[in-house]
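All residue numbers for the sequence shown refer to our numbering, where the first residue is 15 and numbers rise by one. Glycine included, C-beta positions come from ideal geometry on N, C-alpha and C. Because the structure is a prediction, the values reported are computed rather than measured.
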Amino acid sequence: MLDRRRLARLPLLAPLIAACRPVTVLDTLVPKDGQSVLAAENLSYGPHSRQHFDIYVPTGEAATGGPQPLLLFIYGGGWRSGRKSDYHFAGRAFAARGYVTAVADYRLVPEARYPDFLVDCGRALAAFREVAADYGGDPGWTFVAGHSAGAYNAVMLALAPEIAAAAGYERGSIGAVAAIAGPYDFLPLRVDTTEAAFGEASDKPATQPINRVDATAPPMILLTGTADEVVVPANADRLAAELRAVGVPVEVVRYEGVGHNGALMSIARPFRGYADILGDVDAFFERIMAGAPPS
Numbered sequence: 015m016l017d018r019r020r021l022a023r024l025p026l027l028a029p030l031i032a033a034c035r036p037v038t039v040l041d042t043l044v045p046k047d048g049q050s051v052l053a054a055e056n057l058s059y060g061p062h063s064r065q066h067f068d069i070y071v072p073t074g075e076a077a078t079g080g081p082q083p084l085l086l087f088i089y090g091g092g093w094r095s096g097r098k099s100d101y102h103f104a105g106r107a108f109a110a111r112g113y114v115t116a117v118a119d120y121r122l123v124p125e126a127r128y129p130d131f132l133v134d135c136g137r138a139l140a141a142f143r144e145v146a147a148d149y150g151g152d153p154g155w156t157f158v159a160g161h162s163a164g165a166y167n168a169v170m171l172a173l174a175p176e177i178a179a180a181a182g183y184e185r186g187s188i189g190a191v192a193a194i195a196g197p198y199d200f201l202p203l204r205v206d207t208t209e210a211a212f213g214e215a216s217d218k219p220a221t222q223p224i225n226r227v228d229a230t231a232p233p234m235i236l237l238t239g240t241a242d243e244v245v246v247p248a249n250a251d252r253l254a255a256e257l258r259a260v261g262v263p264v265e266v267v268r269y270e271g272v273g274h275n276g277a278l279m280s281i282a283r284p285f286r287g288y289a290d291i292l293g294d295v296d297a298f299f300e301r302i303m304a305g306a307p308p309s
């Protein structure tokens, strides 16, 4: 399993593991992708201190060929932790693949509950699309990706019309979703994390992605590690079955021996040999772009 223990084997990282969140250590010390740059920080999509996003853009050869597709990356953290400043490695990685990439903060538990964090992510998406052309982006191709709780958020942005209405974006503007190690079917609420985020929802079945699927959903790629003990891979299988039942294109990719955090870490340059999640997501989006743009 690619996890905290494997991260600690890197000589420069081991002394810091005990004191820091692994993703903070990862982002601080791993080399970032070239042909990419952080182009804008703390762009606002609302009045709250956590309603801001950063934009990363391709440079050099990665920026050739005219306006670039957009990608909103949503980090995880159980809806109760996370900060965009820990995800430079992800923003730079996707930008180096040719995507104008945004990473947004959003309100967290206990201050926020379902659906607050979804509305925040949706508002970040809407604001990102509004300014993307200023950074060489093409809003006609907009993708959403996320890890863990962020994968849940990404999927729900594409499935829930009430979130789109509240946040001010069109569901049809999302060309495809890449969901990494996400929970999509977790009722009843069995752990403190989900109880805190969803326990006050009046319609709990409506919080579950597997219950929100219809034929208008965009194509999705669901990526999961076989060693994930935090969000079991069956989540991806169950969501994929619902999508296939209504004719929505979906791919499920499993990575042998990769755990929950390892799926995220594999986006960083030193760990790509464990799982080619970055390449698989990019290839999926490229296949989508080879067809007709979303309405």
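In chain order, each alpha helix (DSSP H) run of at least 4 residues that lies wholly inside the segment 194-272: When DSSP assignments are scanned along the segment 194-272, the uninterrupted stretches of alpha helix (DSSP H) that are 4 or more residues long and fall wholly within it turn out to be 206-212, 248-259.
C-beta atoms of residue 142 and residue 189 nearer than 9 Å: Contact: no.
Straight-line Cα distance separating residue 107 from residue 101: Annotation: residue 101 to residue 107 spans about 10 Å, alpha carbon to alpha carbon.
Closest Cα partner of residue 91 within the set 194, 69, 73: The candidate whose alpha carbon is nearest that of residue 91 is 194.
Residue from 285, 294, 296 whose Cα sits closest to the Cα of residue 103: Nearest of 285, 294, 296 to residue 103, Cα basis: 285.
Distance between residue 251 and residue 245 (C-alpha atoms, nearest Å): In a straight line, the C-alpha of residue 245 is about 12 Å away from that of residue 251.
Cα-Cα separation between residue 256 and residue 138, rounded to whole angstroms: Here the alpha carbon of residue 256 sits roughly 27 Å from the alpha carbon of residue 138.
Residues bridged to residue 131 [DSSP beta-bridge criterion]: Paired residues: none, contrary to the question.
Proximity test, residue 119 beta-carbon vs the ligand NAD heavy atom, cut-off 8 Å: This structure simply doesn't include the ligand NAD, nor any ligand for that matter.
Residues sharing a beta bridge with residue 171, DSSP: In the DSSP assignment, residue 171 forms no beta bridge with any residue.
Touch test, the segment 256-269 against the segment 206-222, Cβ-Cβ under 8 Å, three pairs minimum: Below 8 Å, too few C-beta pairs join the segment 256-269 and the segment 206-222 to call them touching: fewer than three.
Neighbourhood of residue 289 by C-beta, 6 Å cutoff - its chain only, sequence neighbours within 5 removed: Its chain contains 269, 272, 280 as the residues whose beta carbon lies nearer than 6 Å to that of residue 289, once the 5 sequence neighbours on both sides are disregarded; these appear in chain order.
Cβ pair residue 105, residue 131 closer than 9 Å: It is not a contact, given that the beta carbons lie outside the stated cut-off.
Closest Cα partner of residue 166 within the set 293, 192, 43, 294: Closest by alpha carbon: 192.
Whether residue 85 touches residue 116 by CB criterion (9 Å): Against a cut-off of 9 Å, the Cβ pair of residue 116 and residue 85 comes out as a contact.
Buried versus exposed call for residue 217 [16 or more other C-beta atoms within 10 Å across all chains shown]: By the neighbour-count rule (16 or more Cβ atoms within 10 Å), residue 217 is not buried but exposed.
Buried or exposed (CB count within 10 angstroms, at least 16 for buried), residue 304: Looking at its Cβ environment, which holds fewer than 16 other Cβ atoms inside 10 Å, residue 304 is exposed.
Span separating the alpha-carbon of residue 205 from that of residue 171: C-alpha separation (whole angstroms): 23 Å.
Bridge partners - residue 156, DSSP secondary structure assignment: Looking at the DSSP output, residue 156 shares a beta bridge with 84, 188.
Distance between residue 292 and residue 74 (C-alpha atoms, nearest Å): Approximately 19 Å, taken between the alpha carbons.
Own chain, CB closer than 7 Å to residue 140, minus 5 neighbours either side, in chain order: Closer than 7 Å at the Cβ level, and outside the excluded window around residue 140, lie 181, 182, 183.
Under 9 Å between C-beta atoms of residue 83 and residue 48: No, these two residues do not count as a Cβ contact at 9 Å.
Coarse secondary structure for residue 99, derived from DSSP in three states: In this structure, residue 99 counts as helix in the three-state DSSP scheme.
Alpha-carbon spacing of residue 222 relative to residue 149, whole angstroms: CA-CA distance, residue 222 to residue 149, rounds to 35 Å.
Range covered by the alpha helix (DSSP H) that runs through residue 77: No alpha helix (DSSP H) holds residue 77; DSSP gives it neither H nor E.
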